[in-house]
Structures are given as C-alpha cells and as structure tokens.
C-alpha cells in the first residue's frame with residue numbers, strides 16, 4: 001500500500017533514523033535496531049553480569065566499561081574487514097579476561113554463556129512495537145545486522161518483534177559484513 005493509504009503521517013523522531021548511506025550512494029533510511037528499537041547496552045550489561053556470575057567472577061562498573069571498550073573496538077575492526085566474526089567472538093573475552101585479571105583460558109566458556117544470556121534478552125524501547133506496526137502497514141520491513149545470527153534472531157523472537165519483519169539478514173548468515 002501507499003503511505004497515503006495508511007492514514008495520517010507517523011511522526012517519528014529523526015534520531016531514530018540513520019540516513020547516512022554506508023557507501024554514499026544508496027540514500028536509504030535505516031531504522032536502527034540496536035539502541036533505537038532495543039536497549040542494547042542494558043541487555044549487554046545484564047548478559048555480561050550473568051555470564052561473569054556463572055564463573056564466580058564479579059562484575060563491577062569498571063569491568064563493564066572494559067568489556068564495552070574492547071567489544072566496540074573489535075566490532076569496528078569487523079566492520080572494516082580486519083577480523084572475522086568467529087575471531088571477534090573468541091577474542092573479546094580473551095582480551096577482557098586478560099585486562100580484568102581473569103584466567104583467559106575461561107574465555108570460550110564465558111563467551112558462550114554471554115551469548116546464551118544475551119540471546120534470552122528481549123529488551124525493547126517503549127513504543128517501538130506500535131511504530132513498527134504502523135510502518136508495516138505501508139512498507140515491507142527487514143533487518144540487516146552484523147550481529148551474531150542466533151543472538152539476533154532469538155532477541156527478535158523474545159522481544160515479540162520478529163513477526164513484524166519480512167526478512168532478517170545477518171552478516172553471519174549471508175557471509176558478508178555490513179559496512180558502516
């Protein structure tokens with residue numbers, strides 16, 4: 001259907017959208033999933049806390065800050081094509097445990113526990129479901145993400161948002177990183 005057939009215009013705050021094209025040409029508006037529809041930082045903090053507690057390790061604010069910095073740096077390297085997603089998943093907890101004085105040999109277990117915990121989180125921003133339902137009346141909606149496939153699909157399902165999207169494409173699923 002055309003946007004006019006869907007009723008009065010939907011007033012969406014412009015900060016929800018990233019209209020800066022990755023390659024300078026596409027001009028598409030993108031509604032960001034992480035930190036625009038979902039509380040990504042809160043979900044990551046909770047998942048990290050649960051994963052560390054499962055290993056009997058504390059999770060002070062300093063550790064959360066260290067994880068966020070390491071994780072952000074590795075995801076940036078992934079988007080630039082400098083590291084693979086499996087290497088990112090493996091390295092972030094090895095580097096994190098080394099920095100906070102933990103046993104880096106526990107990184108694989110910590111990483112799996114973290115992903116399991118993060119996959120179970122369905123945090124979403126207030127009002128995102130009505131916005132997506134309204135958009136869905138006029139547009140086909142899809143998700144394109146660099147996130148880990150099982151985590152992204154699970155989080156969309158747990159949040160109740162999965163049925164609102166026609167397609168979910170992850171870099172892991174298609175074999176290509178989404179450049180930002």
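Residue numbers (my numbering): 1 to 180.
Beta carbons: idealized from backbone N, C-alpha and C, even for Gly.
All figures in this text were calculated on a predicted structure; none of them were measured in a lab.
Residue interval of the beta strand (DSSP E) (run including residue i)
i: residue 183; result: Here the chain has residues from 1 to 180 only, and residue 183 is not among them.
i: residue 142; result: 142-145
For residue i, the first and last residue of its enclosing alpha helix (DSSP H)
i: residue 114; result: 107-119
i: residue 47; result: 40-54
i: residue 70; result: 61-79
i: residue 86; result: 85-100
i: residue 132; result: 128-138
i: residue 157; result: 149-159
Contact set for residue i: own chain, Cβ-Cβ below 8 Å, skip 5 residues either direction
i: residue 97; result: 103, 104, 106, 107, 110
i: residue 70; result: 92, 95, 96, 99
i: residue 133; result: 164
i: residue 52; result: 58, 59, 63, 110
i: residue 142; result: 165, 166, 167, 168, 169
Cβ shell of residue i (< 7 Å), same chain only, five flanking positions each side left out
i: residue 101; result: none
i: residue 74; result: 83, 88, 91, 92
C-beta neighbour in chain B for residue i, strict 8 Å
i: residue 142; result: The chain inventory of the structure shown lacks chain B, comprising one protein chain alone.
Reference residue i, options the options, closest by Cα
i: residue 43; options: 172, 89, 116, 85; result: 116
i: residue 138; options: 52, 88, 175, 166; result: 166
i: residue 62; options: 75, 74, 48; result: 48
i: residue 122; options: 148, 87, 143, 155; result: 155
i: residue 173; options: 135, 118, 90, 86; result: 86
i: residue 119; options: 161, 135, 150; result: 150
i: residue 159; options: 112, 129, 72; result: 129
i: residue 175; options: 114, 148, 161, 162; result: 148
i: residue 131; options: 161, 56, 55, 50; result: 161
Sequence-distant residues of its chain with Cβ nearer than 6 Å to residue i (five each side left out)
i: residue 152; result: 145, 170
i: residue 45; result: 64
i: residue 185; result: Residue 185 lies beyond the range of the chain shown here (1 to 180); nothing can be said about it.
i: residue 185; result: No answer is possible for residue 185: it lies beyond the span of the chain, which begins at 1 and ends at 180.
i: residue 140; result: 166
Heavy atom of the ligand NAP within 7 Å of residue i beta-carbon
i: residue 112; result: This structure does not include the ligand NAP; it has no bound ligands of any sort.
Under the three-state DSSP convention, the category residue i falls into
i: residue 6; result: The predicted position of residue 6 is uncertain, since its pLDDT is 43 and thus under 50; a value taken from the coordinates is nonetheless stated next. Three-state DSSP puts residue 6 in a helix.
i: residue 21; result: For residue 21, the predicted structure reports a pLDDT of 43, less than 50, and the residue's modelled location is therefore unreliable. The matter cannot be settled from this model.
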